[in-house]
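With our numbering applied, the sequence shown corresponds to residues 1 to 702, in that order.
Glycine included, every Cβ here is placed at the ideal spot set by N, Cα and C.
Worksheet: the structure to be examined is printed underneath.
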Amino acid sequence: MTYAGVTAIFNPATDLAFNTTYTATITTGARDLAGNPLANNHVWSFTTGAAPDTLAPTVTLTVPINGATGVAIGNNLSATFSEAMDPLTLTNLSFSLASGGTAVAGSVTYAGVTAIFNPATDLAFNTTYTATITTGARDLAGNPLASNHVWSFTTGAAPDTTAPTVTLTVPINGATGVAIGNNLSATFSEAMDPLTLTNLSFSLASGGTAVAGSVTYAGVTAIFNPATDLAFNTTYTATVTTAATDLAGNPLASNHVWSFTTGAAPDTLAPTVTLTAPLNGASGLAIGNNITATFSEAMDPLSITNLTFTLSDGVNPVAGAVTYSGVLAVFNPLVDLAASTTYTATVTTAATDLAGNPLASNHVWSFTTGVAADTTPPTVTSTVPIDLATGVAISSNITATFSEAMDPLTLTTLTFTLKEGVNPVAGAVTYIGNTANFNPTLDLAPNTLYTATITTGATDLGGNPLASDYIWEFTTVAALPLGPPPVILGLAENFAGLSKAAITDVPASIIIGDLGVSPISGAAIGVSCAEVTGNIYAVDAAGPLPCTIIDPVMLTTAVSNLETAYTDAAGRPAGVGPNLNLGSGTVAGQTLAPGTYTWGSNVTITTDLTLNGGPNDTWLFQITGTLDISPNMQVLLTGGALPKNIFWQVSDAVTLGTGSHFEGNILAQTNIAMNTGSSINGRLLAQTAVSLDHSTVIIPAP
């Protein structure tokens, strides 16, 4: 305690504690020089300050969040911090937005604990943007962020102005035999506004009279449920009007109208025989022929027997066996018929259809056999596809047309076969007229050679077989390529390495293909002529001698094509589902099918990566950050995949690790570095520099 003048000072022996309330007291023991004490004790309190702030602030929330899609183009961006920040440190320098390396103009404001970036103009549709808050942003104590906070998002597609369409109806337009208890449905090309799908916009009528019913909607399908069963054998018209709109409010371009007819009332009609072979009154029939009857509808097989299908010569019954398939009954005499004899065939009223309806009366017909037996073998007169045909649709049936009527029972999957190599193709065989049809169970494989065979087991109605097996071949159409459309490289396609800044080398490297730099001088090419199997192009005479070709006009075009190709690849629609941010940027031991793969981060290939696809399939890899392949790791191609169809769009640096092997075209916005002993089947297309170190670069075949 010290005193001077009229002031007393209390000096604590040690610093006071942080964030603590203290009470000071001067008692009545204190007196003035006349000995007068204070009237009473003087008491006051105070609280010490908090401990100094040394914690780095963090970004706790961003709008939009990282990886967000469908973001409105007019939205502002915001970042919420863990504590109050120094407003003077939150500017366009510390809070920025970019797309594909191009900065977005805008203004930054700060209030509370939230900074807002307001773009000067609306963002572009369907575009990926990257927002960054740098360590230049500090809290009120001057503490910076521990590291830059970076996040990405993608704006939504342009507004939907496309009118929806009806892509499928049940029943289909013109359908017949529709069950009277069925509901109707209409499937749309996109999701619809459920509130616009009602009895007013989805209706059913017959002859101008509306049908009562209820309408429901789920997924992309609207269902009309009639209040009661429809009438038999009646044509109805269904209508979906332009009052039905999609979720964007777009109506159908016009009313969608279709009609169908309900099935007949329960079957009470008697079946009939519609065709016989031979015909009634026919003459000259081969004595070895079978007798057939074709019905107007499917029959009860148990009612088609030797008792209901008979044959006689007018006096004596003919012994034989009766079979039935489809709508065809066949009477096969046990022995050849007599020559020059009239026979009478009868199908009696004991033959019934599946509803139990008998023939209205016996069906009787007669014919006369010829003077001699048919001994001429049948032949195949035409096939579809023809022999050695190419480009055959994979959904095709295979048909063979014969020179005469054949015994239907001899045309089966045993006598009419289809093979791919030695592997039989499953299918069903039918016969009508003089033509047999092989219908494969599944679609055929694309770009595949097939062999069709009709064996000598196939016979005509006289029992004569083909003289020899009939064999023909055809090839199906090639499969459509998988993956996105290839990136068009233009003149950049002619280069194994193309750079705007430099191509350096720790010799000796092996380059098979052309090299070029532009707009920088040819002096920036550090590769010798002996290392290049191809040409070296420069804008001036400063390149390696004697192999440098001076062609500034071509190089300017090639570099422009490189930049256009990069922008095209970066602007393609991003990968979706498992193709978006695969492995969070760590790609290890995976096999990838053709398609587009997108990362909003750096990507590292830590173990071998396999790309499996055909020679026409494509891959596009969109990488926001850097791309690295670890030492001695490989990108492998299987299934016929080709490096010319693989495109790596990288917005930062690319590094191929020591001893690694890579496949495809690298389009880098900055530099590409090939470490010692690395190799690539592809192209090095860099917008800054390319560096080699005892490396091998082989340009892909066209």
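1) Pick from Thr23, Thr228, Thr130: whose alpha carbon is nearest that of Val104?
2) Specify whether the segment 611 to 625 and the segment 577 to 592 touch according to this definition: at least 3 beta carbon pairs, one from each stretch, less than 8 Å apart.
3) First and last residue of the alpha helix (DSSP H) that includes Leu685?
4) Can you find the residues in the same chain that come closer than 7 Å, C-beta to C-beta, to Thr89, ignoring five residues on each side of it along the sequence?
5) Out of Ser185, Leu418, Asn437, which has the shortest C-alpha to C-alpha gap to Tyr450?
6) Less than 8 Å between the C-beta atoms of Ile736 and Gly682, yes or no?
7) May I have the straight-line CA-CA distance separating Ile394 from Ile73, to the nearest angstrom?
8) Buried or exposed: where does Leu307 fall if 16 or more other Cβ atoms within 10 Å of its Cβ makes it buried?
9) Could you pull the DSSP bridge partners for Asn665 from this structure?
10) Suppose the cutoff is 6 Å on Cβ atoms and the five residues either side in sequence are ignored; what does the same chain contact list for Thr533 look like?
11) When the Cα of Pro643 is compared with those of Val650, Thr624, Ile680, Leu184, which residue comes out closest?
12) Determine whether the beta carbon atoms of Ser366 and Tyr343 lie at a separation below 8 Å.
13) How about the segment 376 to 391 and the segment 309 to 329: do they share at least three Cβ pairs that are nearer than 8 Å?
14) Please classify Asp568: does DSSP put it in a helix, a strand, or coil?
15) According to DSSP, Pro144 sits in a beta bridge with which residue or residues?
16) Please report the Cβ distance between Met674 and Ser695, rounded to the nearest whole angstrom; I am assuming they are in contact, meaning their Cβ atoms lie under 8 Å.
17) Would you mind sorting Tyr537 into buried or exposed? The rule is 16 or more other CB atoms within 10 Å of its CB.
18) Should Ser283 and Thr368 be called a contact, given that it needs their Cβ atoms to be closer than 8 Å?
19) Which runs of the beta strand (DSSP E), 3 residues or longer, sit entirely within the segment 333 to 360?
20) Would you tell me roughly how many angstroms separate the C-alpha atoms of Thr475 and Thr435, rounded to the nearest one?
21) So, is Pro52 buried or exposed, given that buried needs 16 or more other C-beta atoms within 10 angstroms?
22) If you draw a straight line from the alpha carbon of Asp320 to that of Trp472, how long is it in whole angstroms?
23) Need the endpoints of the beta strand (DSSP E) that Val71 sits in, please.
24) Beta-carbon separation of Phe202 and Ala227 under 8 Å?
25) Using C-beta distances below 8 Å, list every residue in its chain close to Thr448, excluding the 5 sequence neighbours before and after it, in chain order.
26) Runs of 3 residues minimum, wholly inside the segment 10 to 66: which ones carry the beta strand (DSSP E) assignment?
27) Considering only the alpha carbon of each residue, which of Ile525, Ser678, Glu663 lies closest to Pro700?
28) Mind checking who Thr696 pairs with in its DSSP beta bridge?
29) Just to confirm my understanding: we take Gly391, look at its own chain, exclude 5 residues before and 5 after, and list those with CB closer than 7 Å. What are they?
30) Based on DSSP bridge pairs, tell me the residues matched to Phe125.
31) Out of Asp193, Asp246, Leu275, which has the shortest C-alpha to C-alpha gap to Val364?
32) In the DSSP output, which residue or residues are listed as bridge partners for Leu204?
33) My understanding is that Val371 touches Ser340, with C-beta atoms under 8 Å, so please give their C-beta distance in whole angstroms.
34) Whose C-alpha, out of Tyr110, Leu627, Ser82, Glu83, is nearest the C-alpha of Ser94?
35) Taking Pro481 and Lys500 to be in contact with their CB atoms under 8 Å, please state how far apart those CB atoms are, rounded to whole angstroms.
36) Cβ atoms of Ile26 and His42: under 8 Å apart, would you say?
The relevant details are as follows:
1) Thr130
2) yes
3) Not the alpha helix (DSSP H): Leu685 falls in the beta strand (DSSP E), residues 679 to 686.
4) Gly136, Ala137, Arg138
5) Leu418
6) The structure shown does not extend to residue 736, since the chain spans only 1 to 702, so no value can be given for it.
7) 45 Å
8) exposed
9) Phe647, Arg683
10) Ile512
11) Ile680
12) yes
13) no
14) helix
15) Arg138
16) 4 Å
17) buried
18) yes
19) 342 to 347
20) 22 Å
21) exposed
22) Here the sequence assigns Gly to residue 320, which means Asp is not the residue at that position. Cα-Cα distance, rounded: 37 Å.
23) 68 to 71
24) no
25) Glu420, Thr475, Thr476
26) 21 to 26, 42 to 47, 59 to 63
27) Glu663
28) Ile510, Ser679
29) Val477
30) The partner list for Phe125 (beta bridge, DSSP) is empty, contrary to what the question assumes.
31) Leu275
32) Ala238
33) 5 Å
34) Tyr110
35) With a Cβ gap of about 32 Å, Pro481 and Lys500 do not count as contacting.
36) yes
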